[in-house]
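To start, the structure under review is shown below, and the notes come after it.
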Amino acid sequence: MTQPGILELLSFGPGGWGNILLAGATMTILIALSGYATGAVIGVLGAWAKVRGGPVTRLVADVYTTVLRGIPDLLVIYLLYFGGSAAISAVGRLFGAEGFIGFPGFLAGMLAVGITSGAQHTEVFRGAFRAVHPGEIEAAIACGMPRGLRFRRIVAPLTLRHALPGLGNVWQVVLKESALVSITGVAELLRQAQVAAGSTGLPFDFYLIAGGIYLAISTVSSTVLHRAERHFNRGVRRG
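If you count the sequence shown from 1, position 52 lands on 52 in UniProt numbering, and the numbers rise without skipping.
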């Protein structure tokens with residue numbers, strides 16, 4: 001019996017795995033985007049705490065970034081998934097439910113990716129804000145700009161300009177972290193590749209295909225981020 005070729009494996013018809021792999025890739029992108037957005041919100045708050053906060057908020061932000069950058073991402077997923085399941089099961093028993101109640105795998109993965117990437121976002125935003133020249137902010141103050149307008153027209157755009165390269169690196173890390181979410185049972189790309197490999201006995205083929213899909217997503221993302229960098233750097237003289 002001859003083994004099917006790559007085109008047959010990727011077909012969307014009967015016997016093909018194209019639909020399943022496409023669904024897995026879509027789930028991977030959803031997890032990465034939701035986790036990245038969550039991490040960005042945490043990062044903005046963490047950067048504010050480090051730059052403008054008091055001693056207590058700075059300490060909390062420092063502890064958060066130190067701890068989250070020092071422990072494995074997989075451990076964070078385990079803690080959220082199994083810890084959340086234990087908490088939900090305990091609450092369920094109070095209302096008469098029996099047995100184990102699992103924490104939603106997608107939610108656990110999204111939160112884990114967001115919390116871990118939030119530590120990296122924090123440092124990216126903090127460094128980007130520090131890179132804004134004080135004279136630019138002082139000029140806005142001298143023009144009589146209110147604080148809100150000053151932030152919207154001066155501080156936020158300049159900070160984002162400096163942060164974009166770092167944010168692109170964080171996105172690439174988040175995209176790879178999304179593969180770890182498969183341990184919660186979420187049918188993302190790597191999980192679907194594992195299922196296909198086990199069903200067909202062709203692990204090398206499907207893991208190679210999954211690697212190609214990850215690379216394609218990463219390449220498209222890099223192109224979009226590069227264009228965003230060029231947009232925000234319009235009019236900037238390069239040395």
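Think of the CB as a built atom: it goes at the ideal place given N, C-alpha and C, for glycine as much as any other residue.
What you are looking at is a predicted structure, and each value in this text was computed from that prediction instead of being measured.
If you look at R126, you'll find it in the alpha helix (DSSP H) that goes 105-131. In this structure, the beta-carbon distance from V76 to L68 falls below 9 Å.
Assignment of A40 by DSSP, reduced to helix, strand and coil, places it in the helix class. When the alpha-carbon of I115 is set against those of Q192, T223, S178, the nearest one is in S178.
Annotated as distal: L167 and H231, with beta-carbon spacing of 9 Å or more. Residue nearest to A128 within the set A163, C143, R227, R191 is A163 (criterion: CA-CA distance).
In terms of CA proximity to A108, I31 leads the group I31, G24, L215.
The C-beta of T66 has fewer than 16 other C-beta atoms within 10 Å across all chains shown, which makes the residue exposed. A contact is defined here as three or more CB-CB pairs under 8 Å, and the stretch 8-16 fails this definition with respect to the stretch 151-165. The beta-carbon distance between G43 and V124, rounded to whole angstroms, is 7 Å. This is short enough to meet the 8 Å contact definition. A direct Cα-Cα distance of roughly 21 Å separates G201 from A25. The continuous alpha helix (DSSP H) containing R147 extends over residues 147-150. Straight-line measurement puts the Cα of F100 at about 29 Å from the Cα of S117.
Taken in chain order, the complete alpha helix (DSSP H) segments of 4 or more residues contained in the stretch 41-106 are 55-70, 73-94. Two segments are said to touch when three or more pairs of C-beta atoms, one from each, lie closer than 8 Å; by this definition the stretch 142-152 does not touch the stretch 198-217.
By the C-beta density criterion, R191 is buried, having at least 16 other C-beta atoms within 10 angstroms. Going by DSSP, F12 is part of no alpha helix (DSSP H) at all; its letter is neither H nor E.
The straight-line gap separating the alpha-carbon atoms of S222 and A228 is approximately 10 Å.
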